[in-house]
Amino acid sequence: MTAPQVESGVVRTRFCPSPTGMVHVGLMRTALFNWAHARHTGGQMVFRIEDTDASRDSEESYRHLLDSLHWLGIDWDEGPEVGGPHGPYRQSERHDIYRDVAARLLESGHAYASFSTNEEVDARRLAAGQDPKLGYDNADRYLTDAQKAAFRDEGRSPVLRLRMPDEDLAWTDLVRGEVRFAAGSVPDFVLVRGNGVPLYPFVNPVDDALMGITDVLRGEDLLPSTPRQLALYRALTDIGVASGTPRFGHLPYVMGDGNKKLSKRDPQANFDVYPERGFLPEGLTNYLALLGWSIAEDRDVFSVAELIEAFDVTRVSANPARFDLKKAEAINATHLRALPVEEFIVRVIPYLAKAGLVSDPPTPEQLALLTAIAPLAQERMIVLSDAVGLLGFLFTADVEIEPAAAEKQLGAGAGEVLDAATAVLQALPEWTTAAIETALKEALVDGLGRKPRQAFGPVRVAVSGRTVSPPLYESIELLGRERTLARLAAARGAATG
RNA sequence: GCCCCCAUCGUCUAGCGGUCCAGGACGCCGCCCUUUCAAGGCGGUAGCACGGGUUCGAACCCCGUUGGGGGCACCA
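In the numbering used here, the protein residues as written are 679 to 1175.
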């Protein structure tokens, strides 16, 4: 294995998740920033799967990751599905590479066999009057061949540790500026387990080196492990596996409620809820990009193209960002309203179909109805699935009145209103929005002397089952006389006044 | 315990020594529009953690304090 030939000066980022469990929004934010950085600079992004932990990794989770990336619109230049010259792109298929690199590190003296058990290390620390929390004491660096042989004869199989350099380890972080760790503050760390299985802190930089990664944008949680990686890179460069050390940028945490990292238990942490609720990919991308970055002083709504055009890692904020669902929704609603209505219809159909309201594809009648109501619905929705509640009444024979809506609008005085509405609509010669509006206003506002909000509330609930609906007269026209009258009658029966 | 990161309205942020009695957005409140709810328009609420420096001048630079977060595995 030797350092790869890659075009010099071209930025190469990477996204390298472990396929374990759910897809976390923080992870997707990391993917997005790597992608935006690559696209902005005209570089490339590599997608690699870190499936070294067979007990936790699953094929299902891997597929899920792929789906999530596709949904968000993130693509990659090398990796699963697209291949590339630096594969394989799954760590589970790269064991030979790690074995080879480990052997060369050992041979070149950058790494050494270490036999100490944790208990022995602790005992030595204690004996020296030190805190065992200091960790490994680098003692095995100085083992003689005879000592090593003795340990092997005991049946011990050593781990492989990297010899840390005796000097400060510092780098200029893309988002934080210079970060420095004092010499001696990081002990020699384990590259390969006693059983021969390589560890993440080893394989990750090896893969990055072999894949020609130039810019590593990752979570802030990995910042303390950077000195070790720096040291590893030096060693890898020395033996010809790496052609230098990449730039690092540590992205701020995405926080949940309270002062904690958005945890797996936070419902908002699960990326799946966004596609399911009908966030738009462009809406969620916009919001995710705002978690630590901003496009301009007076603007926070932008397209994916504008993100790519303007994205600059060095302007990413170093402080943690709290995930604010309300703001995410507001941003999404703006994108939703900006959609051309035909596009809005196309996107909303799967949600209506999933709820059983329309077939997929919709029948011509359903499509006509949807086309008529879409412009009126679009501006009062936040996410696409809102259409189910907002428009459901138009696509069903009967409507189920929400208890809260009945409580609010079908109490005292509602009977009178429903009777009057029924009478006037029954006799209405022409079933048009304008005629319905005139008739209802005359009957309820003028005739009964009701305030508009008291007059139309019960009618709306009767017709749509909810206190929130598309504009009333249009809704009634689209519903048709028969269903409208049936619903008024049903509501009349339920009304307490 | 040790190491590291962070610190501007409730929240996300702009600000990179004077143009800031700190700008935008979400939220919240009020008004307008209005057949509900929204949307839209207008207005309002609210912040530079604290203490020392440096400087003619500090939200911006330095030091300290406090507060918050993270890391110290033969997990990733």
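Beta carbons are placed, not taken as given, at the ideal position from N, Cα and C, and that holds for glycine.
Source: prediction; values computed, not measured.
{"Check": "Minimum length 3: unbroken beta strand (DSSP E) runs contained in the segment 1091-1141", "Outcome": "none"}
{"Check": "With 16 other Cβ atoms within 10 Å as the buried cut-off, status of Q825", "Outcome": "exposed"}
{"Check": "Pick from K1119, G1089 and L1088 that is closest to L1103, judged by C-alpha positions", "Outcome": "K1119"}
{"Check": "Which listed residue (S1142, S981, T1111 and L1150) has its alpha carbon closest to that of P1130", "Outcome": "L1150"}
{"Check": "Residue of S972, L821, L1126 and L1069 minimising C-alpha distance to A1101", "Outcome": "L1126"}
{"Check": "Residue from V1061, R1159, S1142 and S1063 whose Cα sits closest to the Cα of P1107", "Outcome": "R1159"}
{"Check": "Distance CB(L838)-CB(V884) smaller than 8 Å", "Outcome": "no"}
{"Check": "Given L1030 as reference, the closest of R955, A780, T730 and R906 once Cα atoms are compared", "Outcome": "R955"}
{"Check": "E1057 to E1007 span [Cα, whole Å]", "Outcome": "13 Å"}
{"Check": "Beta-carbon gap between G890 and L929 smaller than 8 Å", "Outcome": "no"}
{"Check": "Spatial distance of A1082 from A1140 (CA atoms)", "Outcome": "13 Å"}
{"Check": "Three CB pairs or more closer than 8 Å across the segment 1006-1022 and the segment 950-967", "Outcome": "yes"}
{"Check": "Member of L783, E771, S746 and L968 whose CA lies at the smallest distance from the CA of A920", "Outcome": "L783"}
{"Check": "A1050, enclosing alpha helix (DSSP H) - first and last residue", "Outcome": "P1042 to Q1056"}
{"Check": "C-alpha gap between V853 and V724, whole angstroms", "Outcome": "21 Å"}
{"Check": "Span of the beta strand (DSSP E) around Y790", "Outcome": "A789 to S792"}
{"Check": "Same chain, Cβ closer than 7 Å to D886, five either side skipped, listed in chain order", "Outcome": "R692, V894 and P924"}
{"Check": "Among E771, V1077 and N997, the one whose alpha carbon lies nearest that of S1142", "Outcome": "V1077"}
{"Check": "Euclidean distance between Cα positions of E677 and N816", "Outcome": "Given a span of 679 to 1175 for the chain in the structure shown, any question on residue 677 remains unanswerable."}
{"Check": "Between the CA atoms of A1099 and L1166 - distance to the nearest angstrom", "Outcome": "8 Å"}
{"Check": "S1153 versus F1073 - alpha carbon distance", "Outcome": "11 Å"}
{"Check": "DSSP bridge partner residues for M706 (one or two, in chain order)", "Outcome": "Beta-bridge pairing links M706 to no other residue."}
{"Check": "Residues of its chain near A1050, where Cβ-Cβ distance is below 7 Å and the 5 sequence neighbours each way are ignored", "Outcome": "L1156"}
{"Check": "Which listed residue (F859, W713 and Q808) has its alpha carbon closest to that of E987", "Outcome": "W713"}
{"Check": "Beta-bridge partners of Q722, as assigned by DSSP", "Outcome": "R690"}
{"Check": "CB of A1169 within 8 Å of CB of L1088, strictly", "Outcome": "yes"}
{"Check": "Three-state class that DSSP yields for R782 in the structure shown", "Outcome": "helix"}
{"Check": "Backbone CA spacing between Q1044 and Y952 [nearest angstrom]", "Outcome": "26 Å"}
{"Check": "CB-CB length for V870 against P879, believed under 8 Å", "Outcome": "Going by Cβ atoms, the distance from V870 to P879 rounds to 11 Å, so no, they are not a contact pair."}
{"Check": "Where T850 falls: helix, strand or coil (DSSP)", "Outcome": "strand"}
{"Check": "Span of the alpha helix (DSSP H), counted from its first residue to its last, around L1030", "Outcome": "V1019 to K1032"}
{"Check": "Proximity below 8 Å, CB of I973 to CB of S786", "Outcome": "no"}
{"Check": "Alpha-carbon to alpha-carbon, V1026 and P1039", "Outcome": "12 Å"}
{"Check": "As assigned by DSSP and simplified to three states, the class of F859", "Outcome": "strand"}
{"Check": "Beta-bridge partners of H928, as assigned by DSSP", "Outcome": "R896"}
{"Check": "Residue interval of the alpha helix (DSSP H) (run including L744)", "Outcome": "E737 to L750"}
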